[in-house]
Every structure is written in structure tokens, then in C-alpha cells.
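Residue numbers (this note's numbering), protein chains in the order written: chain A, 759 to 1380; chain B, 191 to 602.
From the three backbone atoms N, C-alpha and C, an ideal C-beta is built for every residue, glycine too.
Worksheet for the structure shown next.
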């Protein structure tokens, strides 16, 4: 608009605005500056390229080096299945989120199976094509898997998002809660290889955009409760686009380029806490418990986890482009919001981040769980060190995590001891949301390679170089990632649910230089049967480690429920103490290493399993 | 005898006139009508003819009008006064009373008509004149209202209502310069009158607009004209248009201070940190004393994750030049914290906190500093304050966004 264009008429309105704007100044403008103009929450960084001028997210490979993971997606049979999410153009945010993955032993045969959530296509929504199905890959015990989702009745056939595993009715068989853009599913395990959807009957179907759920016994009654975060309000008939009614402002640019709108500018969806009534039904106690998310932040992932070691699970919610939540369990059925006070709401710069995934692990072996949140590109991934008493410090830069992770847009993450040296390492799965990034030199890419950081004695992390042809050199559109010992060989493998592509199964092929031990826990009468919420403290050699049985986390995923410990140079286990959800503390003896032990509350070790042992397979200790 | 009675009536007319409270917001005026003054100033000749007209019938009508007024029946009172004036057409006070009744009923045309008639009979009645001025103002007849209101204010400079009415009338007549002194005088007496502040603000805005419009009239292709056009575009978030105008201004006068500053500001607002730095550096080459540009240069460096030490150099200079520029102090503290020099950051943060106690980022930084100093309790206190302020801000933004979406969704 120019003065000369109108004889003062147009100038008049503009002059008023200009003069009013002149009067506005101060911190608000400064704080907002990094959030305008379509930059990410972290701002804008100079692009990083490898020697062949590829963005580092899709390059930076080395010819030689230690090989940690091998891609066995094809030979395993997983590559026969494909994830779908809208159209490749990603015109709307709902198409970009992708899906989670769960590891569970659904048939209780001692081998982990894999559940992969799927998205949806518009053709399927309009009835022109069949709906993309979720997959339930049964572990055949020989390195291969078979998709039995149809027979099991868990294909979902809705626009899926995430999944959490939990035995909500304590019958000894793991159930699945699958979240959707729309009604969710509570798949009850029928013990015979099939499931029934009980969500409506149980009162947990909702019908909004639900994301990464978590099971946990927040009220200590021995029954698993359920928390479901909400993302944004979404109307398929009126999707958010420039000029539409469902977008407050035009948050539809990234670095000056038009992209899909949101989540900023969209109305947020609230979170839900469902208390288990013990009779197959749940009651929504969100508001009463103080976790309803009144402002409507964009919740993506949640995790019940005891962060202050008072025996009660606290609650983490990773929010996209809004402050994260950390709720302290007060023990009276309510939670206290300590998000800002704890330091978890924002990063060390006081900025809210686009948090996509949560990993927890005691990386310093000091008995306290630390947190790693994945975030958007042009922003570092945040490592929150637990100082005790629900006080956290962002040590990302000091720990060596920050700089290498800045170009990556990351999702699923986990603390895993990939080399069994007794120190928990970090694995991060990444992939962008804007296809437009491949047309610009911004130092990032749509498909990205995973990141593995090796823990150097709890002081720092070192990036493990991606050797060409190995799993770390896979350039994929990763979303959910789940971690577990799929081959019962004591090494933690990774399953990644890629957007618009087959999944990736990375088998851990690191050298056998250290011993290990795993525990499958079974709760007693006053604990959840699957022992979610149990904490295991293990001492071996000079190290004392901690492992927790959790449900949810990563990006909308659920990990191996067994607790894994690498033993480093130790040849034996000195002591194991289990803090059961009921409050009971139990010490057990572990006669051998390189085993998977089943421990029942109050009964000690009741079974052990050694996949590589020459003397039988299933061997009872007693 | 008759004359004496008439005078009595006239006197009692004046003494029984109700002082109506005509206060209203946004135009309602407090109008104490002291009609007794009318009779003090009444010419003898007029009083004589008016007295002649005060017959017993007129007296009776007056009594009835008064009684009707006492019971709040203004319609009847008006009727009675009209009947009186048919019988006593020279009774000026009666016109004034009737005029006031009409005014109270907001029947300004009738009020004006009646008051005009009264003033024709006796022009020397300042209160009636003021009321007529108010009536004209209410009817939008500003040209007629202005001289009368001005006279009222001259006669009684402490009459706030007359002052405000005159100010509004002058605004309507686009005589803004003349209106502002009256508004300011009113606000001196009643500084909490938000409506008056609103009028004053709008008046200043209009004066500014007129002044800026003159720039265009003088030379639409001048550097100043391009700058102003750019600023207007920028205020409407038309950043592309603003950049075009600023570029033209810079091309015409590359060494003139201001051009690069404006351009840099657009880049700064849109998060284009590298370009913002380039422009602010160019501005500082033209005007090394522009401490705001220097602060923004450093801020852009911090946002672009450049070396904190480099940003600190600029911030030290900015604070030296402009010690009261709190944003520079906060960013200096931010840079010092990044450099792990938390102790050095504390004085700036404490100053900034005094200046802006409700700015969340200051408390966040203070928490960081106290933590580094081992003052856990102080750090926690600051984090709690930070948390409270952030929650309040978030709730406010969320509520606003929700309202906006609701309005948009319901719009047709």
C-alpha cells in the first residue's frame, strides 16, 4: 500500500495502524521474533553438508567403522507391509504425523511380536479403496515375522496414530490401546491370538485427534490407568489451509515457503486421564486430577514414569510447539503441574520446542531417570538431566547431543545399551514433515538417517559414525521407533515405522564383547500384572544401574516390556533389587548372565530363558 | 398587585426549577441549570411584559406543571408549559424550563427550538445559551454549537461538561488543534476518564495522519515519503511492500540514517536473521549512535546462533550508549549466560526485572543465574514466577485464539 495510490483514504487506515504499532514495543516483540516468519522453534541455522554436498541428514557416511545395526527389514518379512498417510504432497498436517509401533509378546510364547499402526488415504475415507491396515507381526523365532493382523482382528482401519501396551484387566495377556484421528481402539487380548475392540464399552473411545498414550497405575490400586494426549482439533470436511476458518493465523510458511498449516494457529485438543474402574470400564478423571490441559497444548507423546522415586508414577507430556508438561503425582488422585518449575517445559534458552518423542533412562547410572526429547529441525534435541526432586537441567550442549542433532527432525527415541557396556546410549529416528525441504538448501532432507550416540561413562555422548551399507546409513522417513530384544540374544534391536513406506527393522549386530541380563516381571495381587511401574536396580562390577517397566513413550510407541541390562566387563550380577508398583521391595539372586529371567512378585525368579544355550531352550530354575 | 404576583411567580419559577442531572457517558453532559441567573440578568422591560402575562391561569398551569414534574411526569409538565407559553409568550424563563424538559427527554430538536425562542426574547442568558449549544451538538449541528459552547466555557472555565462538549464539537469540525487543549484541561481534572483519553488519542492520531499526508502532497517521491509508506506497510504486516519502499528510500539516500534500520527491522520481524544483521550493520555505519539498531543486531546474532561473544561485544556498546534500553540488557544477560558468565549477567537482570517485572524471560534467566551460583531456593522462586507468568500468557493467547476461531467459524 502506498500513499500515492489513494487520495488519503487508504493512507488513513494504514496510518492509524502504523501509529498504533509505533507505540507497541518491548519484550513481547523480541520474544516473538523467532516465532514469526515461519522458522522452526529453534530459529534458523546455516546448512551442514557432507563431502558430497548432501545435507548431513541424508549423508555424512563413512566407509569403515564399527557396525552396530544391520537392516533386516526385507529378510524379516516386515518390508511386505507398507505405511500410508494421505498423499505424498502432504497438503495437510494430518498426513505428516505418521505412526507408532509397539513391541509385545501378544501370545506369551516368550518372543516379542510387533504391532505397527497405519494411517489412512482419502480414497479409503471416501470408500474408493480399502483402508490401509495396521500390522501385527508374529515372531516366528527364526528371524522372520508373519503378519497376522487380520486374523487377530487388530487392523484398526482408521486414521491411526499411536499405540501403548498394557494388561489393563490383569489377566496376564497384554492388551493394546490404539489412538486415531477419530475413535480410538482398546484391543482386549482374548488369549487365543485374537483381540476384541472394547473401547466404546470401556469408555475410552474418545473421537478426537489422540496421539501417544501411556498406561500406568497412577492411583496405586494395582490396575493400569490410561492417559491419552490430544493434538489439535481437526475437521476433515474443513481441513486447515490458508484462509480457512479452522486456522487462526497464517502459520503456513516455513522459511518463507508455503507448507501445510499448523499446529500453531489451530485450536488445540485437550488431554484425557482415564481411571481404571476394575470392571473393564474407565472413568475420565482428567479435570479432577488436574491434567486436562486447559490451554489446549498440542500433545504428541506421554509417559507415566516415577521421576522422583517416591513410588508413584509421575506424568510427562511432550507437546509440539507449546510447553511440555511434567506433572508430579501427589498420591491423592491428583497431580501438580511443575512443568516450568522443573525446567522440563522449555529448553535452556527458555524456548518451547516442537517436542515429538520422549525417552527416559538413567544415563549417568546415578539412580535417577533422565529425559531425552526429540524436536524439530533447526533445533537441538533436548537432554534433561535429572538433578533429583523433580529438578531438571538441559545439558544437551554439555553432553554433546545438541550440535549434531540440530539439522534433524526427530521422532522416536530411546535410551538403549546397544553395546552392553553398562551405559545407556541414545538412538534417535528422524524424518521431515515438509516435502519442500528437498527443493531448498536448508541443510535438512525429507528422509533422514538415524542417529546413534554412544555413552562415554555418563559424561558425554559420541556420535557413532554411519557406516555405508549398515543400518545407521538408512535414509528413511522415520516416525515411531520401538526398542527391544526381538531375537532374544541380549541385544536391543530397533523397529521403525516409516511414513509412506515399509518399516525398518534394525538388528543389533554389535560385537559380543559384554554380558547382559534381562528380566520379565510379573506383578502380584497388588501390582499391575505386567508390572508396569516396576523399577529394577542392578549392581554388577562397579556399576549400579536402573531399569523401569514402562508403557508408551518414544514417538507414540511402546517398547519391550522386559528390562535389559548390559553388564560391561562384569561376569556376574552382584545384586538385583526390584521395587514393585505395590511398594514391595524384593531382592533376588541371578545365578547366570546372558539370560532372560522371569520374576514374579514375592516369588523371585520363576523361569529363565537362554536362546543361545545348548542345553534346552526353556529351562525352569526351580 | 398583579405585577408583584407575577414577579413572585417568575421568581418561584426560577427557584423551583429542578437541577437536572444530565450526565451521560459518551456525550451525556452534566448540566446544572441555574435559572435564577436568568432573572438576575433579565432586562426590566422584558420582565415587565412577562409579568403582564402572568395571569392566574398561567399561575395555575405553572403549578400543574410543577406538580407533574415532582411526580416525574415530564410529558404532562411539557404539556402544561406549552399551554403556559400560549398564554404568556414573552415569559422567557418558561421557554428555558420547557427547553430543559425537552433536553432531559433527549428531544433535542424541540429543546433547541424552544431555547432559541427564549434567547430571542432575552439573549443575555448564558445557561440557556449553553443548553442550546449542547442541543445543537447532540443534533450534529456543530457549526451552530461551537460558538455557544465556546461562550459557555469562557463564562465558566470550570464547566467540565461544556469543555468536553466543545472538544467533541471541535473534533467533529476537524479543528483538532483547538480541541486538544480542552481535552487536556479536562483530563487534568479527571485523569481517570478513559473516554477522554480515547478522544485525545484519536485526535493526535488524526493530527499525525494529516501531517503525514502533507509529506505526500509535497513530494510523493521523496525519501521521507517512501519511508512513511514503508512504515505503513510494515504496520499492516505487508512486509514485502515495506521492503520495496525501504529499498527505494535507501537507493535514493544510502547514507541517510534510518533507511537500513527500517529494512533491518522488517527482516528482524520475519526471522531473517542474516539479512537483518546486514542491514543493521549498514545502519550503524551511517549512524553509530543508534543503540536500538545495535541491540537488534546483537539480538539477530543470538537468534541466528552466532557466537555469543560477538553478540556480547555489540550489546556492551548498546548498553553503554543507551543504559536504559532494557532489551539490550536482557540480551546481554542472555549472551553472558550462554558464555557461562552467569555472575556477570545478574546486575542487568535485576535492573530489567525492576523495569519489567512481568516479563517471563527475565525470570527464566535469573533462575539460570541463581542455579549457577548454587542458590537453589532463589532459582526455584524465579522458576515459579516464570511458570506463573508463562501460564497466564499461554491462557490469554489460547483464549484469544479460541475466540477468533469461534468468530470465524460463525461468520457468514
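Check: Cβ of residue 539(B) less than 8 Å from any chain A Cβ?
Finding: no
Check: Are the beta-carbon atoms belonging to residue 1312(A) and residue 973(A) less than 8 Å from one another?
Finding: no
Item checked: Burial state of residue 296(B), where buried means 16 or more other Cβ atoms lie within 10 Å -> exposed
Margin query: Going by DSSP in three states, residue 1270(A) sits in which element: helix, strand or coil?
Written below: coil
Checklist line | Where residue 1219(A) sits in the DSSP three-state scheme | finding: strand
Notebook entry, point to check: chain A beta carbons: is any one of them nearer than 8 Å to that of residue 470(B)?
Noted result: no
Margin query: Could you compute how far the alpha carbon of residue 385(B) sits from the alpha carbon of residue 391(B)?
Written below: 10 Å
Item checked: The alpha helix (DSSP H) enclosing residue 509(B), as first and last residue numbers -> 498–511
Notebook entry, point to check: Quick one: which chain A residues come within Cβ less than 7 Å of residue 275(B)?
Noted result: Neighbours of residue 275(B) on chain A: none; closest Cβ ~48 Å, over 7 Å.
Notebook entry, point to check: When Cβ atoms are compared, which residues of the stretch 1096–1107 of chain A fall closer than 9 Å to chain B?
Noted result: 1096, 1097, 1098, 1099, 1100, 1101, 1103, 1104, 1106 and 1107
Check: Can the beta-carbon of residue 1033(A) be found closer than 8 Å to that of residue 1068(A)?
Finding: no
Next item on the list: Measuring alpha carbon to alpha carbon, tell me which of 938(A), 905(A) and 994(A) ends up nearest residue 952(A).
Entry: 905(A)
Note to self: Taking beta-carbon pairs under 9 Å, can you tell me which members of the stretch 1021–1055 of chain A lie near chain B?
What the structure shows: 1023, 1024, 1025, 1026, 1052, 1053, 1054 and 1055
Check: Would you say residue 1081(A) faces chain B, with C-beta separation under 8 Å as the test?
Finding: yes
Item checked: chain E within 8 Å of residue 254(B), Cβ atoms only -> Although the question refers to chain E, the structure presented lacks it and instead comprises the protein chains A and B.
Checklist line | Under 9 Å from the C-beta of residue 585(B): neighbouring residues of chain A | finding: 1052 and 1053
Check: Is there at least one Cβ from chain B nearer than 8 Å to residue 811(A)'s Cβ?
Finding: no
Check: What's the C-alpha gap between residue 293(B) and residue 596(B)?
Finding: 43 Å
Note to self: Taking the straight line between their C-alpha atoms, what separation do you get for residue 960(A) and residue 925(A)?
What the structure shows: 14 Å
Notebook entry, point to check: Ordered along the chain, which non-local residues of its own chain (more than five positions away) have a Cβ less than 7 Å from that of residue 879(A)?
Noted result: 842, 844, 887 and 890
Note to self: With a threshold of 8 Å between beta-carbons, can residue 389(B) be considered close to chain A, or not?
What the structure shows: no
Notebook entry, point to check: Is DSSP giving residue 1039(A) helix, strand or coil here?
Noted result: coil
Next item on the list: Go to residue 956(A), then tell me how far its alpha helix (DSSP H) extends in each direction, as first and last residue.
Entry: Neither: residue 956(A) is in no alpha helix (DSSP H) and is coded neither H nor E.
Checklist line | residue 248(B) - partner residues in DSSP beta bridges | finding: Answer by DSSP bridge pairing: none, since residue 248(B) is not bridged.
Checklist line | Cβ neighbours of residue 441(B) in the same chain (closer than 8 Å, five flanking residues each side left out) | finding: none
Next item on the list: Could you round the C-beta distance between residue 270(B) and residue 254(B) to whole angstroms and report it? I think they count as a contact, below 8 Å.
Entry: 5 Å
Checklist line | Cβ pair count under 8 Å reaching 3, the stretch 810–824 of chain A against the stretch 1190–1209 of chain A | finding: yes
Notebook entry, point to check: Cβ atoms of residue 322(B) and residue 302(B): under 8 Å apart, would you say?
Noted result: yes
Note to self: Taking its Cβ as the centre, do 16 or more other Cβ atoms sit within 10 Å of residue 408(B), making it buried, or is it exposed?
What the structure shows: exposed
Item checked: Inter-residue spacing [alpha-carbon to alpha-carbon] between residue 864(A) and residue 937(A) -> 18 Å
Next item on the list: Would you kindly work out how many angstroms separate the C-alpha atoms of residue 497(B) and residue 529(B), rounded to a whole number?
Entry: 9 Å
Next item on the list: Please check if any C-beta of chain A sits within less than 8 Å of the C-beta of residue 551(B).
Entry: yes
Next item on the list: Quick one: residues in its chain with C-beta nearer than 7 Å to the C-beta of residue 469(B), no 5 flanking neighbours on either side, listed in chain order?
Entry: 450, 453, 454 and 457
Next item on the list: Measuring alpha carbon to alpha carbon, tell me which of 1338(A), 1368(A), 1183(A) and 1030(A) ends up nearest residue 1355(A).
Entry: 1368(A)
Checklist line | Cβ-Cβ distance between residue 1117(A) and residue 1172(A) below 8 Å | finding: yes
Margin query: Counting only beta-carbon separations shorter than 8 Å, does residue 436(B) have a partner in chain A?
Written below: no
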